[in-house]
Ligand code: ARG
Ligand code: GLU
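Put into structure tokens, the structure is as follows:
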């Protein structure tokens, strides 16, 4: 008997270790209550209060929302901040020119006077958060309509937000959690003077490019450095030459100790969006209907991009960011759908729903509330499916044609003309359009877009039923979509910046008639109208119904599984994920180790692939293996590592911290096999990919010669 117990617990322990990952992105404020014990048992040596506190300075005082969708962290007492290269890419690109090509060559400010100002870039700190569910739901009772509920809540929220920051310079936002079952208030402080300090060349910061994107093993030095500036009182201020470096309440110590397999780590940042509690029907819709259509359309678009980018350096530069953007989500969707199938996630969700139904029916009270929920979901998703796919086509085919998207920017001007708007209003609209002309055409290649037009519209018309496409997509008088494309791009004034400027520069009120008659404008408008009149009215009603079903389902799941800890889906609010450094087995007979080294970069270089061209100067220290204090104990230069922290888009740039709360890595991606974790998490396959901080410091210090930046940091040896 004793022996049996022993064998049993060994097995439990073994399987425990193999998948010792903790699903979830947790609220910093609730760590003490929900997660601290587990984190400690996994090896954490600090307390939940050290991570988030409103009474003393804590790690949260060093975590920033960067720009619109990334994370960054403060790493010195002079406001130095660290994020990914791909997060700072737009800023680096904007400072680049043919003479000073920082994208290609990198940029390093050798003192503060050389740091570069970035209009429009801001970073935001969380001051504190608070559960305001009761106040937000004040007055909401059973029986009111969804519309009444929404109006009531939004007026409650407005009051809460206003009161929270009265007399301060802070911002306030109340956000729904668990699909509107709970509400939290976030008080924030935003800084608008954020300067570029350093960026490695793309051959380091983007090493591996789209070839390696979403993949492990990985060797990308994906980081860039910025600095927050404030006024003399250490308060946020718009850019001024008199501003001084920010003195933060806290900054992250940087550890040279590195990580080894099984070490505890946590990620602290701003994950954007997950949907972990969807019913099977929604997962099927995304994985088997929307993703495949979007993947196929993007593939054709990328092929056309490649064709033209290979022919011309100018086009390659014009389309590099667009290509990266289209390719990024294309590859993500492929991984996601594969992961869903491999996990048999739809069946898993169906099984859960069956158990749930049985539970609901077993009690009269529950039965009343929940017994028809799954059937309602099914009915509503069945109705939604064709319209939701229609939306995918509209987005991925119709509006992915750049000239069509651009043409629709003229809609307001035409409407203003038709409505006899005032000269002021019209001048304003014309001015806005004029301001946008060079930004659009600088990165536009008409022959490429014309080919995209033909391919996208052809695919759309071939794969969607007639009643779910705009009438203008069919019954054209041309023999082929190519002929149509040639004709329409030949006639439209939107084909090049000169004809656009000609209209805008001497614009008269009645000129809206010229725009209105333009064939490309007319087509774009017909797509837009089709969406407004035929798709949106249906999806709008169905989505509202699904919102309320999902809210009820979330509440019901929590009752159904009272012992389960539910984390709220990511919604771009500050979260903590935790796990262990760990390799994985992506397929039979293949095991992936948990770290990569500089050796791997040199190996990839030898393959002769475009994305694997190694920065020549990186090869020098490699020859004599002279990595100084940044070497791992075994003498190697560690470049990246993986761990089982549950992350998603938005976690880019998030700090990866060790058991002592010291910075050991910089999150920048997930593994391909694990990208379904936005819908369903698999502890065996889902890993986050991080830059080893020692490689980052090595590049700053030894490669760039910017050791003064390392000297600013608090280094733990
Ligand atoms: N996959 C990462 C993320 O989702 C990196 C994207 C940027 N890199 C690229 N090669 N496109 O944002
Ligand atoms: N690269 C992603 C980002 O920009 C992170 C990867 C992911 O989706 O986990 O946030």
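Residue numbers (my numbering): 41 to 757. Beta carbons are placed, not taken as given, at the ideal position from N, Cα and C, and that holds for glycine.
Rounded to whole angstroms, the separation of the alpha carbons of residue 697 and residue 585 is 41 Å. Along the length of the segment 624 to 666, whole beta strand (DSSP E) runs at least 3 residues long occupy 624 to 627, 630 to 632, 635 to 637, reported in chain order.
Ordered by chain, the residues meeting the criterion of a beta-carbon within less than 5 Å of a non-hydrogen atom of the ligand ARG are 126, 250, 253, 364, 368, 709.
Listed as beta-bridge partners of residue 285 by DSSP are 269.
The ligand GLU has no heavy atom closer than 8 Å to the beta-carbon of residue 75.
Our two residues, residue 129 and residue 157, have alpha carbons roughly 14 Å apart in a direct line. Runs of the beta strand (DSSP E) lying entirely within the segment 692 to 756, each at least 3 residues long, are 695 to 697, 703 to 710, 728 to 732 in chain order.
For residue 476, no beta strand (DSSP E) encloses it; the enclosing alpha helix (DSSP H) starts and ends at 463 to 481.
In this structure, the CA atom of residue 86 is about 35 Å from the CA atom of residue 641.
Rounded to whole angstroms, the separation of the alpha carbons of residue 292 and residue 118 is 12 Å.
Judged by beta-carbon spacing, residue 726 lies beyond the 9 Å limit of residue 706, meaning their Cβ atoms are not closer than that value. Note: residue 304 is bridge-paired with 620 in the DSSP secondary-structure output. In the structure shown, residue 123 falls within a strand segment according to DSSP collapsed to helix, strand and coil. Of the residues assessed, residue 673 falls on the exposed side of the cut-off, its CB having fewer than 16 other CB atoms within 10 angstroms.
The C-beta separation of residue 243 from residue 653 comes to about 6 Å, placing the pair in contact by the 8 Å criterion. Residue side-chain check: residue 689 places its Cβ nearer than 8 Å to a non-hydrogen atom of the ligand GLU. A direct Cα-to-Cα measurement between residue 468 and residue 474 gives close to 10 Å.
Under DSSP, residue 212 forms a beta bridge with 227. For residue 296, the three-state secondary structure derived from DSSP is coil. Scanning 67, 481, 109, 122 for the CA closest to the CA of residue 703 turns up 122. The bridge partners DSSP lists for residue 524 come to none. Within the model, the alpha-carbon separation for residue 440 versus residue 344 is close to 13 Å. Inter-segment contact for the segment 271 to 279 and the segment 220 to 233 is present: three or more beta-carbon pairs are separated by less than 8 Å.
Rounded to the nearest whole angstrom, the C-alpha separation of residue 721 and residue 664 is 43 Å.
Checking the 8 Å criterion, the Cβ of residue 522 is out of range of every heavy atom belonging to the ligand GLU. Among the bridge pairs identified by DSSP, residue 165 is matched with 104, 229. Not one heavy atom of the ligand GLU falls within 8 Å of the beta-carbon of residue 377. Note on residue 246: 16 or more other CB atoms within 10 angstroms of its CB, so buried under the neighbour-count rule. A Cβ-Cβ separation of about 5 Å places residue 124 in contact with residue 692 under the 8 Å criterion. The alpha-carbon separation between residue 490 and residue 523 amounts to approximately 10 Å.
One Cα belongs to residue 462, the other to residue 448, and the distance between them is close to 21 Å. Residue pairing by DSSP places residue 236 opposite 156, 266 in a beta bridge. Cβ atoms of residue 370 and residue 339 come within 8 Å of each other, at about 7 Å. Distances from the CA of residue 625 to each of 174, 196, 256 were compared; the closest alpha carbon is that of 256.
Distance from residue 620 to residue 266 at the Cβ level is roughly 30 Å; contact not present, criterion being Cβ atoms closer than 8 Å.
The three-state secondary structure of residue 171, taken from DSSP, is strand.
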